[in-house]
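One structure below.
Residue numbers (the UniProt record's numbering): 1 to 299.
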C-alpha cells in the first residue's frame, strides 16, 4: 500500500504488532520491515511476538523498541501428550511408494504433508493427483489468492491432503488435521515442533509420521534430542508396500514430464502470474490431462 496506493499513509498509527517476527525476518522481509519502520510515528506502542529469539529478532528489537518489557515462557520444547509420533526409516528412492502406501492405509483422514522445497511440494501434489488422491499444494511462490483458495478447499474438506512447505507450519488457522507427515525432514529441529503442532490441537488426538532416509539420520537425531524422546517405528510390511512400486513408477514418469513442461513454461514466460497449471487441481483439469495422455498413446 505504501508503494502502490495513492494517498495512503501511516501517520495516525498507534499500535505496531509483529506476529511471528522470526518467520518474517527469516523469509527475507527485512527491507520491507525497515521501510515501514521509517514512515510510522515514533510515538506508538509496539508488540513483538516470536517463537524463537534469533539474532535478526534481537537486532529488530534493539532498533524498534524503547525500554521494552520482555515476557518469556519456558524455552523447553515439547509436544502434546495426545500426539502419537512415529518415524519410518526407508531408502530415499522409495519415499514416494511408502507415502502412497501410508495414505492408502490411513484413508479417510485429513493429512498435512510437509516438503522441504516449493518444487517438491508441486511434484508431490502432481504425483498424488495422478494416483487419484485429492491433494492440493501450498507454497511461497503461489499468489495470495491461490494460497487462500488452497486453504479453503482443505478446510472445507473438499481436499483431504494439503501438501506444503513450512509456510503452513505456523500462523495459519487450520482447525482440524488428523495426520502430519514430514515427507522431507526439517533442516531446523524447532520446525518439527511447529509442523507436528498442526495436529492434536485443542485437546484432540493426532498422529505424525516422519520419513527418515539414509541421508537424514543426523537431522532426525537432533529432533529426538530436542524433544527428549525416542520415537517408535511406524509399522509397515515391505512386501505389501512394494506391490505399489510399478503403479507409482508410472506416475513418477508422467510427473517428471509435467515438471519439465512447467519449467519450460516458466523460462518462456508463458506461466500465468501467481501460479500455473500445477496449482489447478480440479477434477476437470486432471481428467482432461489424463484423456490427452490416453489419446497420445493411441496415436
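Here a beta-carbon is modelled for each residue, glycine too, at the ideal position from N, C-alpha and C.
Measure how close the beta-carbons of residue 61 and residue 48 come, nearest whole angstrom, since I'm counting them as under 8 Å. 6 Å
Residue 87 - partner residues in DSSP beta bridges: 210, 233
Quick one: what does DSSP say residue 204 is sitting in, helix, strand or coil? coil
Given that a residue counts as buried once 16 or more other Cβ atoms are within 10 Å of its Cβ, and exposed if not, what is residue 107? With fewer than 16 other CB atoms across the displayed protein chains lying within 10 angstroms of its CB, residue 107 is exposed.
Below 8 Å, how does it come out for the region 251 to 266 and the region 126 to 134: are there three or more Cβ pairs, yes or no? yes
Cα-Cα separation between residue 9 and residue 65, rounded to whole angstroms: 21 Å
What residue range is occupied by the uninterrupted beta strand (DSSP E) comprising residue 136? First-last of the beta strand (DSSP E) with residue 136: 135 to 138.
Hey, would you say residue 226 sits closer than 8 Å to residue 187, going by beta carbons? no
Taking residue 72 as the reference, which of 189, 53, 90 has the closest Cα? 53
CA nearest to the CA of residue 20, picked from 265, 172, 209, 31: 172
Would you call the region 130 to 145 in contact with the region 203 to 211, where contact means no fewer than 3 C-beta pairs closer than 8 Å? no
Please go through the UniProt domain "Helicase ATP-binding" (1 to 71) and give each complete beta strand (DSSP E) segment of 3 or more residues, from N-terminal end onward. 15 to 18, 45 to 48
Classify residue 183 as helix, strand or coil using the three-state DSSP reduction. coil
Drop a sphere of 10 angstroms on the beta-carbon of residue 5, count the other beta-carbons inside from all chains shown, and report buried for 16 or more, exposed for fewer. exposed
Extent of the continuous beta strand (DSSP E) to which residue 112 belongs: 111 to 114
Counting only C-beta atoms, is residue 182 closer than 8 Å to chain C at any point? Considering every chain present, this structure includes no chain C. It has just one protein chain.
Please name the residue in 254, 104, 39 whose C-alpha comes closest to that of residue 243. 104
So residue 164 is in the beta strand (DSSP E); what residue range does that whole segment cover? From DSSP, the beta strand (DSSP E) with residue 164 extends over 161 to 164.
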